[in-house]
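Undergrad:
Numbering (this note's numbering), first residue to last: 52 to 462.
1. Residue 241 and residue 339: beta carbons closer than 8 Å?
2. Look at the Cβ atom of residue 279, then the Cβ atom of residue 239, and state whether they are nearer than 8 Å.
3. With three or more C-beta pairs closer than 8 Å as the rule, is the segment 387 to 396 touching the segment 368 to 375?
4. Can you give the Cα-Cα distance for residue 389 and residue 451, rounded to whole angstroms?
5. First and last residue of the beta strand (DSSP E) that includes residue 465?
6. With respect to the alpha helix (DSSP H) encompassing residue 253, which residues constitute its N-terminal and C-terminal limits?
7. Considering only their Cβ atoms, is the gap separating residue 462 from residue 334 smaller than 8 Å?
8. Can you say whether residue 383 is buried or exposed, counting buried as having 16 or more other CB atoms within 10 angstroms of its CB?
9. Does DSSP put residue 245 in a helix, in a strand, or in coil?
10. At 3 residues or longer, and completely inside the segment 336 to 405: list those beta strand (DSSP E) runs for me, N to C.
11. Whose CA, out of 275, 271, 267, lies closest to the CA of residue 254?
12. Identify, in the order they occur along the chain, each residue of the same chain with its Cβ nearer than 8 Å to the Cβ of residue 234, setting aside the five sequence neighbours on each side.
13. Which of the three DSSP states, helix, strand or coil, is assigned to residue 262?
14. Is residue 412 near residue 442, with beta carbons less than 8 Å apart?
15. As a quick exercise: from 336, 350, 346, 425, pick the residue whose alpha carbon is nearest that of residue 378.
16. Which word fits residue 197, buried or exposed, when buried means at least 16 other C-beta atoms lie within 10 angstroms of its C-beta?
17. By how many angstroms is the C-alpha of residue 349 removed from the C-alpha of residue 445?
18. Just confirm the distance between the C-beta atoms of residue 244 and residue 311, as a whole number of angstroms; I'd bet it's less than 8 Å.
19. Please report the distance separating the alpha-carbon of residue 121 from that of residue 176.
20. Compute the beta-carbon to beta-carbon distance between residue 459 and residue 402, rounded to the nearest angstrom, for a pair I have assumed lies under 8 Å.
21. Nearest CA to the CA of residue 410: which residue from 259, 453, 256, 320?
22. Taking the alpha carbon of residue 360 as the point to measure from, which residue in 439, 257, 208 has its own alpha carbon closest?
23. So, helix, strand or coil for residue 333, using DSSP?
24. Can you find the residues in the same chain that come closer than 8 Å, C-beta to C-beta, to residue 263, ignoring five residues on each side of it along the sequence?
25. Can you tell me which of the three DSSP states residue 240 falls into?
26. Find out if the Cβ-Cβ distance for the pair residue 347, residue 434 is shorter than 8 Å.
27. In this structure, does DSSP put residue 275 in helix, strand or coil?
28. Here's the rule I'm using: 16 or more other beta-carbon atoms within 10 Å means buried, otherwise exposed. How should residue 422 be labelled?
29. In whole angstroms, what is the alpha-carbon distance linking residue 283 and residue 322?
30. Can you tell me which of the three DSSP states residue 449 falls into?
31. When we look at the beta-carbon of residue 202 and count the other beta-carbons within 10 Å, is it buried (16 or more) or exposed?
32. Taking residue 460 as part of the alpha helix (DSSP H), name the residues at either end of that continuous run.
33. For residue 456, does the three-state DSSP call read helix, strand or coil?
34. Can you give me the C-alpha to C-alpha distance between residue 385 and residue 429, rounded to a whole angstrom?
35. With burial defined as no fewer than 16 other Cβ atoms inside 10 Å of the residue's Cβ, what is the status of residue 299: buried or exposed?
Structure, rendered in structure tokens:
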């Protein structure tokens, strides 16, 4: 039917060729555009096969048209031998218009394909940036986590209350004491380091008893221990040397959870008071630096007179300017916490600090939440501000003074 309609028109064979070429162009480029934007392998193979079939059918139609046009074109050839130019010019025009139609259709299909590609990329990008929408199950899970967190806080409060009423981990273990059931007067912790063995030997030969004398002192209710943490490289030669020394002298309190370092002294104070409370039940807990010589009998007499005074925070009280300039000695990174005047609150000098039992227990119970500053004496003083602590300024504990009745001096 298509061929017969074309033959009725002028230039019938050229019309048939034009229609066939348009069919080939439109079919092929439509399938090509689909092939570029269908990701599935199944659809890709389908488009390729469809394109091949379209081209094949179009070529077959061209052959049929040529065969149909043979009888009709023979007569004009016999009748029109004298007019070859009249049939040649329309063929050129028809071929030209066919090319224009081919380019127009292909360009439109290609432009539409590019637009679809751009829209697809924008949709994928927006989908990845889409805000997360919580479902009902997610909201219930969040609420469940909040409820669990509230229960954990309640349990921690009950545990804190239980500890404050007398429950303590390993409360009466009293390692080193010959009579665990008897309450001690004081536990004295002497800070030391890995490179301070010479100082320890000097102390053992001067004010600090050793051997049997140390055991007799413990029978009087006074325990003395060198306090040290562990090396950053656990189990190295530094740790082994301390363990070996302790096996022979039995006068160390090793803080297993603390890393020994000069910049971690404030944390060492928390570990010391907590470990001392957990190991010995005493009225007082004393922290002493390793550059201090003690009048041990004078200190024992001072503590015996203060016995029974709960909430006692005893030492050589001082205050001073906060160093806010980084790089200077005694620099305080949290200087801004101390107000515009940049002055420390009253606190005991770090050379010798004495805490009564309930204050030391407070540190043990709340050690995880206590704020530390750059210096250990300031840190202990900060812990004492928020509780019912009695600040006792005793000049005999000012180790750098020239007082005759002082119980300590700088070594």
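Note that CB positions come from ideal geometry on N, CA and C, so glycine has one too.
TA: The answer reads as follows:
1. yes
2. no
3. yes
4. 26 Å
5. With the chain covering only 52 through 462, there is no way to say anything about residue 465.
6. 248 to 255
7. no
8. buried
9. coil
10. 343 to 345, 363 to 369
11. 275
12. 272, 332, 333, 334
13. coil
14. no
15. 425
16. exposed
17. 13 Å
18. 6 Å
19. The predicted position of residue 121 is uncertain, since its pLDDT is 47 and thus under 50; no value can be drawn from it.
20. 7 Å
21. 320
22. 439
23. strand
24. none
25. strand
26. no
27. strand
28. exposed
29. 16 Å
30. coil
31. exposed
32. Where residue 460 is concerned, there is no enclosing alpha helix (DSSP H), although the beta strand (DSSP E) it sits in stretches over 459 to 461.
33. coil
34. 11 Å
35. exposed
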